[in-house]
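Step one of this worksheet: look at the structure below.
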Amino acid sequence: MGERKGQNFYYPPDFDPKKHGSLNGYHGTHALRERASKIHLGILVIRFEMPFNVWCLGCNNHVAMGVRYNAEKKKVGMYYSTPIYEFRMKCHLCDNYYTIRTDPKNFDYEMVEGLRRQEKRYDPTTIEQVAAVDRAFGQKLASDAMFKLEHGDVDKAKAKDAAPHLQQLEYLQDRLRDDFTANQVLRQALRSRKKELKVQSDVDDALRKKSSLSIQLLPETEEDRKMAALLAQYRTVKSFDEKQEDKRKEIINRPIFAKASTSASAVSSPTKTANAPLAEVKKTLVQSAYRKRANEATKTDQKLLSSPLVRRKRKIDESQLPSDDGKKKKKSAATVEDRNVKETPSTSLSSNPLGALASAYGSDSDASS
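In the working numbering, the protein residues as written are 67 to 435.
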């Protein structure tokens, strides 16, 4: 198809090569079409690639190196015989416009308007690198013998100062020459580090889930531990849950009965009762109440036994009892009463007060019948 580029063009009858020059001139168009719409102003639209990372001053967004724009290119000056070009383009994230200009003197670009460069530049001499050689310095070094001699002495002094550092670098290179071992050590360190990060991530996720947080948690520091300990130590205001828990414990440790027994077998002191476990307190109170009721029943039995009805009944029964030799003896009421008092042990009444009551009431019913 290359041989047909000069063919298949229609030239109208009024086309004059001297007047129009070309078909584009005849039609009043440019070969670059819309890109040359401002060619009469010296502006040509080109495809411009961002030379480094920048920040947009309109929306404060980061624009990475290599992002391409349709920029208006125009010539704004000369540096000796080198033209200085200016590029103007619109931000793809907002309505702000960037303006960048070439800097042939420093082999760099100049930020003119609408953007700010992300500083990653450095001085090579600060990290012991060879800087760019100035052309004037090279010419002076070649033409001036004394300057060359002085510069040679300076180079020898620099080499002498850098000799220990160079030897250390050679030693490190020889030690790390085994690529497999170095890679194995690095992978092992990375593996352990990944496990630590996984554990910390699980702890942070649990804390965020418990506290309903969606923010990223920073690593814990010694200052954070001290501050948390101080807050826990000097906190005086209790929360609602803590107050409810204190009330619940107070109710659980409260005695069952309103008034405890004052006998010697009861609780020895209020302080001991309050400090004793709940089960022991309940057991002591139940035993105290049982002894109190038993004592009251014993006193009731003694009153019943000492009544005239019971004493008379007992007198008749004792007088009719046979003696050891089979003969009946008649005894006086005073003797029988004294014997009843001596033979009636208090332990039997106190040990079984209900049996004493039953026998007493049963004897009374037999006598009445």
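For every residue, glycine included, the Cβ atom is placed at its ideal position computed from N, Cα and C.
Quick one: any contact between the stretch 120-131 and the stretch 176-187, if contact means 3 or more CB pairs under 8 Å?
The stretch 120-131 is in contact with the stretch 176-187.
Tell me M144's beta-bridge partners as DSSP assigns them.
Along the sequence shown, one-based indexing puts residue 144 at 78. DSSP lists P149 as partners of M144.
Please classify V120 as buried or exposed, where buried requires at least 16 neighbouring CB atoms within 10 angstroms.
Within the sequence shown, residue 120 is the residue found at index 54, counting from 1. So V120 counts as buried.
Cβ-heavy atom distance between R134 and the ligand SAM below 7 Å?
This structure lacks the ligand SAM, and indeed carries no ligand of any kind.
If the criterion is Cβ atoms closer than 8 Å, does the pair A137 and F153 meet it?
Translated into the one-based positions of the sequence shown, residue 137 becomes position 71. Translated into the one-based positions of the sequence shown, residue 153 becomes position 87. Yes, Cβ-Cβ distance for A137 and F153 is below 8 Å.
Quick check on Q347: buried or exposed, where buried means 16 or more other Cβ atoms within 10 Å of its Cβ?
Residue numbering aside, residue 347 sits at position 281 when the sequence shown is read from its first letter. Per the sequence shown, residue 347 should be read as Val rather than Gln. Classification for V347: buried.
Once DSSP output is grouped into helix, strand and coil, what is the label at F114?
On the sequence shown, position 48 is the one that residue 114 refers to. F114 falls in the strand class under three-state DSSP.
Leaving out five residues on either side along the sequence, give the residues of the same chain with a beta carbon under 6 Å from the beta carbon of I166.
The sequence position of residue 166 within the sequence shown is 100, counting from 1. Contacts found: F153, Y175.
State buried or exposed for Y146, treating a residue as buried only when at least 16 other CB atoms are found within 10 Å of its CB.
By one-based count along the sequence shown, residue 146 stands at place 80. Under this definition Y146 is an exposed residue.
Could you please give the first and the last residue of the uninterrupted alpha helix (DSSP H) stretch that includes Y237?
In the sequence shown, residue 237 corresponds to position 171, counting from 1. Run containing Y237: 211-241, per the alpha helix (DSSP H) assignment.
What does R167 pair with, by DSSP beta-bridge criteria?
Taking the first residue of the sequence shown as position 1, residue 167 is located at position 101. E152, E176.
Please state if the CB of R134 and the CB of R113 are separated by a distance shorter than 8 Å.
Indexing the sequence shown from 1 puts residue 113 at position 47. Indexing the sequence shown from 1 puts residue 134 at position 68. Yes; because the gap between Cβ atoms is below 8 Å, this pair is in contact.
By alpha-carbon positions, which one of K224, G218, F213, L159 ends up nearest to T191?
Taking the sequence shown and counting its residues from 1, the one referred to as residue 191 is at position 125. If we check each option's Cα against that of T191, K224 comes out closest.
For M116, does the count of other Cβ atoms within 10 angstroms reach 16, so buried, or fall short, so exposed?
For the purposes of this step, residue 116 is taken as the residue at position 50 of the sequence shown. M116 should be labelled buried.
Where DSSP assigns a beta bridge to R183, which residues make up the other side?
On the sequence shown, residue 183 is found 117 positions in, with the first residue counted as 1. In DSSP, R183 forms a bridge with V120.
What is the DSSP secondary structure of R320, reduced to helix, strand or coil?
The residue given as residue 320 occupies position 254 in the sequence shown. Coil, per DSSP.
Can you grab the Cα-Cα spacing for the pair V352 / I322, in whole Å?
Along the sequence shown, one-based indexing puts residue 352 at 286. Along the sequence shown, one-based indexing puts residue 322 at 256. One C-alpha to the other measures close to 10 Å.
Over the uninterrupted alpha helix (DSSP H) stretch that includes Q254, give me the two end residues.
Along the sequence shown, one-based indexing puts residue 254 at 188. Looking at the DSSP string, the run of the alpha helix (DSSP H) that includes Q254 is 245-277.
Do you know how far the Cα of M293 is from the Cα of R259?
In the sequence shown, the residue the question calls residue 259 occupies position 193. In the sequence shown, the residue the question calls residue 293 occupies position 227. So the alpha carbons of these two residues sit roughly 28 Å apart.
What is the DSSP secondary structure of K139, reduced to helix, strand or coil?
As a working mapping, residue 139 is identified with position 73 in the sequence shown. Strand.
Rounded to whole angstroms, what's the CA-CA distance from N90 to K140? Just pull it up for me.
Reading the sequence shown from its first residue, position 24 is the one you call residue 90. Reading the sequence shown from its first residue, position 74 is the one you call residue 140. Those two C-alpha atoms are separated by around 23 Å.
Closest to P149 by CA distance: which of Y163, T168, M131, Y164 is it?
Stepping through the sequence shown from its first residue, residue 149 is reached at position 83. Measuring from the Cα of P149, the nearest candidate turns out to be T168.
Suppose you measure from the CA of H86 to the CA of H96; what does that come to, to the nearest Å?
Sequence index remark: in the sequence shown, residue 86 carries index 20 (1-based). Sequence index remark: in the sequence shown, residue 96 carries index 30 (1-based). Approximately 13 Å between the Cα atoms of the pair.
To the nearest angstrom, report how far apart E308 and T247 are at their CA atoms.
On the sequence shown, position 242 is the one that residue 308 refers to. On the sequence shown, position 181 is the one that residue 247 refers to. Their Cα atoms are separated by approximately 58 Å.
Could you tell me the distance, in whole angstroms, from the CA atom of A255 to the CA atom of N249?
Within the sequence shown, numbered from 1, the residue matching residue 255 stands at position 189. Within the sequence shown, numbered from 1, the residue matching residue 249 stands at position 183. Their Cα atoms are separated by approximately 10 Å.
Whole angstroms are fine: how far does the CA of T350 sit from the CA of T364?
Translated into the one-based positions of the sequence shown, residue 364 becomes position 298. Translated into the one-based positions of the sequence shown, residue 350 becomes position 284. For T364 and T350, the distance between alpha carbons rounds to 21 Å.
So, with DSSP's three-state summary, where would you put V352?
In the sequence shown, counting from the first residue as 1, residue 352 sits at position 286. Helix at V352.
Of the choices M131, L297, A272, E262, whose alpha-carbon is the least far from that of K186?
Taking the first residue of the sequence shown as position 1, residue 186 is located at position 120. The candidate whose alpha carbon is nearest that of K186 is M131.
Please list, in chain order, all residues of the same chain as I109 whose beta carbon is under 6 Å from its beta carbon, the five residues on each side excluded.
Within the sequence shown, residue 109 is the residue found at index 43, counting from 1. Contacts found: E138, K140.
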